[in-house]
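In the numbering used here, the protein residues as written are 76 to 382.
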């Protein structure tokens, strides 16, 4: 009995065929994973959109006194001025004169709000901005969960809980609180990817994304919520240093250096991007009753009392 000898050409052909099969399998797996992620994101967006179904169908929105005497009238007047070709830094028609841009709550320095005011009627702009920021909140929480290697189902749950949870839903009528808070999970997700990135180009890219997200949060604008975002970022960095060092240098000080090397430029450049809104607000604060400080009892009036 004689075994057939395999020629070098046959071996090359077989190896090439095996390699092509592996490549095709990897490509199919990647497409399948991408499709599954796309379906998860689509489901998440639908779930979140249902919470604003009334607004999407009839412009009916949740409101309270701030909506009717502050946000909506200012948005309507600002939209009218923008359509007339005027960028309204000041409004003579509210409160005996009002620094519309410096206050920042209408969002004239915030690109999504400015675009909505130009594109939609004021009532539709209000609904569109609420929906957009609930989407941002949900997608940011989804991205953060996935950056922690959690399964898609857990990421969808995280996005749903954050976007439809008690805080954002209770504050939905405070437009700028929701806008600033919505960016926090996405900020942490981008920072996490920057910390995990091994290639300098990828790290710089994720740092740039983090700067953009923090800049948008700063432009949104709610100063207390922005402070909370920054505190959360700082606590996240401390947690990655002391509690969850995976993917970072083994040495504690080198790990701290890696974290500071990401977070410091994000904070400095992000706040620098938002300075066009933050600096006028700081100047305005000096002329307000709160510029000289308020009693502790007033500042803590809505806080929970510890037992």
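Glycine included, each C-beta is placed from N, C-alpha and C at the ideal position.
What you are looking at is a predicted structure, and each value in this text was computed from that prediction instead of being measured.
Same chain only: Cβ atoms within 8 Å of residue 165, ignoring 5 sequence neighbours per side: 172, 173, 174, 175, 176
Coarse secondary structure for residue 285, derived from DSSP in three states: helix
Cβ shell of residue 349 (< 7 Å), same chain only, five flanking positions each side left out: If we look at residue 349 and ignore the five residues flanking it on each side, its Cβ neighbours are 290, 293, 294.
Exposure of residue 375, with buried meaning 16 or more beta-carbon neighbours within 10 Å: Answer is exposed; the Cβ neighbour count stays below 16.
C-alpha gap between residue 183 and residue 316, whole angstroms: 38 Å
Cα-Cα separation between residue 359 and residue 200, rounded to whole angstroms: 26 Å
Ranges of the beta strand (DSSP E) found wholly within the stretch 307–341, counting only runs of at least 3: none
Extent of the continuous alpha helix (DSSP H) to which residue 199 belongs: 197–222 is the span of the alpha helix (DSSP H), which, as asked, contains residue 199.
Cβ neighbours of residue 256 in the same chain (closer than 6 Å, five flanking residues each side left out): 300
Contacting residues, own chain, Cβ-Cβ under 6 Å from residue 322 (five flanking each side not counted): Only 271 meet the Cβ criterion.
Residue 150, enclosing alpha helix (DSSP H) - first and last residue: 147–158
Cutoff 8 Å; reference residue 163; Cβ partners in own chain excluding five residues on either side: 152, 153, 156, 157, 175, 176, 183
Where residue 166 sits in the DSSP three-state scheme: strand
Span separating the alpha-carbon of residue 318 from that of residue 335: 16 Å
Residues near residue 288 by beta carbon distance below 7 Å, same chain, minus five either side: 258, 261, 262, 265
Through-space distance from residue 245 to residue 121, alpha-carbon basis: 20 Å
Secondary structure of residue 76, DSSP reduced to three states: Low local confidence applies: a pLDDT of 48 at residue 76 is under 50, so the model's placement there is unreliable, with the coordinate-based value given in what follows. Three-state DSSP puts residue 76 in coil, outside helix and strand.
Where residue 371 sits in the DSSP three-state scheme: helix
Own chain, CB closer than 6 Å to residue 230, minus 5 neighbours either side, in chain order: 217, 220, 221
Endpoints, alpha helix (DSSP H) assigned at residue 253: 250–257
Status (buried if at least 16 other CB within 10 Å, exposed otherwise) for residue 286: Around the C-beta of residue 286, 16 or more other C-beta atoms lie within 10 Å, and the residue is accordingly described as buried.
Own chain, CB closer than 8 Å to residue 76, minus 5 neighbours either side, in chain order: Residue confidence is low: residue 76 scores 48 on pLDDT, short of 50, so the model does not pin down where it sits. No coordinate-derived value is stated.
Beta-carbon contacts of residue 341 that lie in its chain and below 7 Å, excluding the five residues immediately before and after: Closer than 7 Å at Cβ, skipping near neighbours: 266, 282, 285, 286, 289.
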